[in-house]
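Structure record follows, encoded as structure tokens.
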Amino acid sequence: MHNNNILIISSTILLISSNVIYHISQKSIPASVNPVVSIIVTFFVALVVSILMLPIFADINNIKAELGHLNWASFLAGVSCAGIVVGHVLYYRSGWSLSSGTLFSYVAICIILIPIGLIFFHERITFQNIAVIIVSLVGLYLLIKK
Numbered sequence: 127m128h129n130n131n132i133l134i135i136s137s138t139i140l141l142i143s144s145n146v147i148y149h150i151s152q153k154s155i156p157a158s159v160n161p162v163v164s165i166i167v168t169f170f171v172a173l174v175v176s177i178l179m180l181p182i183f184a185d186i187n188n189i190k191a192e193l194g195h196l197n198w199a200s201f202l203a204g205v206s207c208a209g210i211v212v213g214h215v216l217y218y219r220s221g222w223s224l225s226s227g228t229l230f231s232y233v234a235i236c237i238i239l240i241p242i243g244l245i246f247f248h249e250r251i252t253f254q255n256i257a258v259i260i261v262s263l264v265g266l267y268l269l270i271k272k
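Take the sequence shown: its position 69, counted from the start at 1, is 195 in this note's numbering, and no numbers get skipped.
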């Protein structure tokens, strides 16, 4: 198997399995737990895991140089991660189910990202993409229709 295929498959498995575990854990946080305390623990564990993974992805002797390559995006991603984690805790506490709430939010996110990808990242859209968008919009409508 080509190295790129291995990377695609392994990163997809990591992304999907981590998301499944993430949503199950977010849904399972007791309502009595303060969402900010929960996010502190979540990000502390994420920090520890990231530090342990650092030698796999970077030369630990070059951390200062790596930090020099950062731009605004890494900082904004940190802010958005905090919003995602607290948002999901509150989302599930407000009554959204694990299946329909997650489906609604991810389809909505994907639809919002389409014009952003087209305008700012010069991505292309195909007729197949348009068909998927239409089906997704119909699905969102049916999901929120009472």
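We put the CB at the ideal spot given by N, CA and C, even for glycine.
Contact the segment 186-202 vs the segment 221-237: 3+ CB pairs below 8 angstroms: Flag = no, the segment 186-202 and the segment 221-237 do not touch.
Through-space distance from leucine 239 to isoleucine 256, alpha-carbon basis: Taking the sequence shown and counting its residues from 1, the one referred to as residue 256 is at position 130. Taking the sequence shown and counting its residues from 1, the one referred to as residue 239 is at position 113. The C-alpha of leucine 239 is placed about 13 angstroms away from the C-alpha of isoleucine 256.
Coarse secondary structure for glycine 194, derived from DSSP in three states: In the sequence shown, counting from the first residue as 1, residue 194 sits at position 68. Helix.
Buried versus exposed call for tyrosine 267 [16 or more other C-beta atoms within 10 Å across all chains shown]: As a position in the sequence shown, residue 267 is number 141, starting the count at 1. Tyrosine 267 is exposed by the Cβ-count criterion.
Closest residue to serine 262 among Val205, Ala199, Ile235 (Cα-Cα distance): Taking the first residue of the sequence shown as 1, we reach residue 262 at position 136. Selection Val205, Ala199, Ile235 evaluated against serine 262 yields Ile235 as nearest (Cα-Cα).
Segment limits, alpha helix (DSSP H) that includes asparagine 131: As a position in the sequence shown, residue 131 is number 5, starting the count at 1. Per DSSP, the unbroken alpha helix (DSSP H) holding asparagine 131 starts and ends at 129-153.
N- and C-terminal bounds of the alpha helix (DSSP H) containing proline 161: Counting from one through the sequence shown, the residue named residue 161 turns up at place 35. Note, proline 161: alpha helix (DSSP H), 161-183.
Local conformation of alanine 203 per DSSP, three classes: By 1-based counting over the sequence shown, the position of residue 203 is 77. DSSP places alanine 203 in helix when its eight states are reduced to three.
7 angstroms Cβ shell around serine 164 - same chain, five flanking residues per side excluded: As a first step, residue 164 is located in the sequence shown; it is residue number 38 there, counting from the start. Cβ neighbours of serine 164 beyond the five flanking positions: Ile155, Val215.
Distance between tyrosine 218 and isoleucine 150 (C-alpha atoms, nearest Å): Sequence index remark: in the sequence shown, residue 150 carries index 24 (1-based). Sequence index remark: in the sequence shown, residue 218 carries index 92 (1-based). Taking the straight line from one Cα to the other gives about 10 angstroms.
Helix, strand or coil at phenylalanine 247 [DSSP, three-state]: To locate residue 247, count along the sequence shown from 1; it is residue 121. Coil, per DSSP.
Unbroken alpha helix (DSSP H) run spanning alanine 186, endpoints: In the sequence shown, counting from the first residue as 1, residue 186 sits at position 60. The question names alanine, yet the displayed sequence has isoleucine at residue 186. It is not in any alpha helix (DSSP H) - isoleucine 186 carries neither H nor E in the DSSP assignment.
Distance, leucine 173 Cα to isoleucine 139 Cα: The residue labelled residue 139 in the question sits at position 13 within the sequence shown. The residue labelled residue 173 in the question sits at position 47 within the sequence shown. Each residue's alpha carbon lies about 21 angstroms from the other.
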